[in-house]
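Chemist:
Residue numbers (UniProt numbering): 1 to 227.
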């Protein structure tokens, strides 16, 4: 019985621990994360609109790029100017590079990856690593812009999952410990058994301390004589 009660108490302790963790997520994690995800979605939607205002031509003609305040209408020349800007860098810290398809461009050097990167800045930002091919670098920037809708889809799925988890957590946290009745019943039975054991123990102690049959209890005078 004692082992069963211990197991049930351990189960309740785990239940309470999970409940407190869930309550903390309900109060802090889910509201904050959902709000942040919604802000990201709003930013992505704005960037998609910006990209649509400055689309990449279907015939693969070049729309032009601005690098260091100068506009270039040829893709190869514009791409080469980006490489030249990389060579001119004296610090890995971000510096303004130019504009492309309505987005601001920022150039930096990733000391961990050992690569130059262009950050494409709209309402939100995304970075691409640069290579040694001038035209290829323009293509990388285009690909990053064209993938913004994919990011929006992923974030929308993430938001849906978070909202489902939030609703589930609020329902789960209201559920009581499913073995509470069993724990109460077995705890009461254990208390009764322990009480009976304690009574038996006290009775045995009284019996052990009583004089054996035929033995006499010394009188005060006999105790004085013995002294």
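Each residue gets a CB set at the ideal place from its N, CA and C atoms; glycine is no exception.
In its own chain, which residues sit with a C-beta less than 8 Å from the C-beta of residue 2, not counting the 5 before and 5 after it?
Modeler: The count along the chain shown starts at 1 and reaches residue 2 at position 2. 190.
Chemist: Figure out for me which residue from 92, 98 and 49 has the closest Cα to the Cα of residue 72.
Modeler: Sequence index remark: in the chain shown, residue 72 carries index 72 (1-based). For the residues 92, 98 and 49, the minimum Cα distance to residue 72 belongs to 98.
Chemist: With residue 11 as the anchor, note down where its alpha helix (DSSP H) starts and where it stops.
Modeler: Within the chain shown, residue 11 is the residue found at index 11, counting from 1. Where residue 11 is concerned, the enclosing alpha helix (DSSP H) stretches over 2–24.
Chemist: Mapping DSSP to helix, strand and coil, what is residue 125?
Modeler: Position 125 of the chain shown, counted from the start, is the residue given in the question as residue 125. Reduced to three states, the DSSP call for residue 125 is strand.
Chemist: Round the Cβ separation of residue 27 and residue 170 to the nearest angstrom and send it over; I've been treating them as touching at under 8 Å.
Modeler: For the purposes of this step, residue 27 is taken as residue 27 along the chain shown, with counting starting at 1. For the purposes of this step, residue 170 is taken as residue 170 along the chain shown, with counting starting at 1. Incorrect: roughly 11 Å between the Cβ atoms, too far for contact.
Chemist: Taking just the CA atoms, how far does residue 116 sit from residue 23?
Modeler: Position 23 of the chain shown holds residue 23. Position 116 of the chain shown holds residue 116. About 44 Å.
Chemist: Cα-Cα, which of 178, 173, 180 and 186 is closest to residue 19?
Modeler: As a first step, residue 19 is located in the chain shown; it is residue number 19 there, counting from the start. The candidate whose alpha carbon is nearest that of residue 19 is 173.
Chemist: With a threshold of 16 other CB atoms inside 10 Å of the CB of residue 47, please say whether the residue is buried or exposed.
Modeler: Residue numbering aside, residue 47 sits at position 47 when the chain shown is read from its first letter. It counts as buried.
Chemist: Should the region 152–172 be regarded as contacting the region 52–61, the criterion being three or more beta carbon pairs within less than 8 Å?
Modeler: With a cut-off of 8 Å, the region 52–61 and the region 152–172 do not count as touching, because too few Cβ pairs lie within range.
Chemist: Would you list the residues sitting across from residue 115 in a DSSP beta bridge?
Modeler: As a working note, residue 115 is residue 115 in the chain shown. Partner(s): 110.
Chemist: Report all residues from its chain with a CB closer than 6 Å to the CB of residue 50; omit the five preceding and five following residues, and keep chain order.
Modeler: Working through the chain shown from its first residue, we reach residue 50 at position 50. So the qualifying residues of the chain are 102 and 122.
Chemist: What residues in its chain sit with their C-beta under 7 Å from that of residue 96, if we drop five residues either side in the sequence?
Modeler: Residue mapping note: residue 96 aligns to position 96 of the chain shown, counting from 1. Correct list, in chain order: 106.
Chemist: In whole angstroms, what is the alpha-carbon distance linking residue 31 and residue 17?
Modeler: Counting from 1 along the chain shown, the entry for residue 31 is found at position 31. Counting from 1 along the chain shown, the entry for residue 17 is found at position 17. About 21 Å.
Chemist: If residue 134 and residue 79 are in contact, beta carbons under 8 Å, what's the gap, nearest whole angstrom?
Modeler: The sequence position of residue 134 within the chain shown is 134, counting from 1. The sequence position of residue 79 within the chain shown is 79, counting from 1. Contact flag correct, Cβ pair sits at about 3 Å.
Chemist: Quick one: grab the DSSP three-state call for residue 58.
Modeler: Here residue 58 refers to the residue found at position 58 of the chain shown. The answer is coil: DSSP assigns residue 58 none of H, G, I, E or B.
Chemist: To the nearest whole angstrom, what separates the beta carbons of residue 8 and residue 186, a pair I think is in contact under 8 Å?
Modeler: Locating residue 8 in the chain shown gives position 8, counting from the first residue. Locating residue 186 in the chain shown gives position 186, counting from the first residue. The Cβ separation is near 7 Å, so the contact holds.
Chemist: Taking the alpha-carbon positions, what's the residue 162 to residue 34 distance?
Modeler: Position 162 of the chain shown, counted from the start, is the residue given in the question as residue 162. Position 34 of the chain shown, counted from the start, is the residue given in the question as residue 34. If I take the Cα positions, the gap works out to 7 Å.
Chemist: Three-state secondary structure (DSSP) at residue 81?
Modeler: Counting from one through the chain shown, the residue named residue 81 turns up at place 81. In the structure shown, residue 81 sits in a helix (DSSP, three-state: H, G or I).
Chemist: Decide if residue 70 is buried, meaning its Cβ has at least 16 other Cβ atoms within 10 Å, or exposed.
Modeler: Counted from its first residue, the chain shown places residue 70 at position 70. Label assigned to residue 70: exposed.
Chemist: Spatial neighbours of residue 226 within its chain, please: C-beta separation below 6 Å, excluding the five flanking residues on both sides.
Modeler: For the purposes of this step, residue 226 is taken as the residue at position 226 of the chain shown. Low per-residue confidence applies at residue 226: pLDDT is 49, beneath 50, and the placement is therefore not dependable enough to give any value.
Chemist: Measuring alpha carbon to alpha carbon, tell me which residue in 68, 132 and 128 is nearest residue 140.
Modeler: Translated into the one-based positions of the chain shown, residue 140 becomes position 140. For the residues 68, 132 and 128, the minimum Cα distance to residue 140 belongs to 128.
Chemist: Which residues mark the beginning and the end of the alpha helix (DSSP H) in which residue 138 is found?
Modeler: Here the question's residue 138 lines up with position 138 in the chain shown. 134–146 is the extent of the alpha helix (DSSP H) around residue 138.
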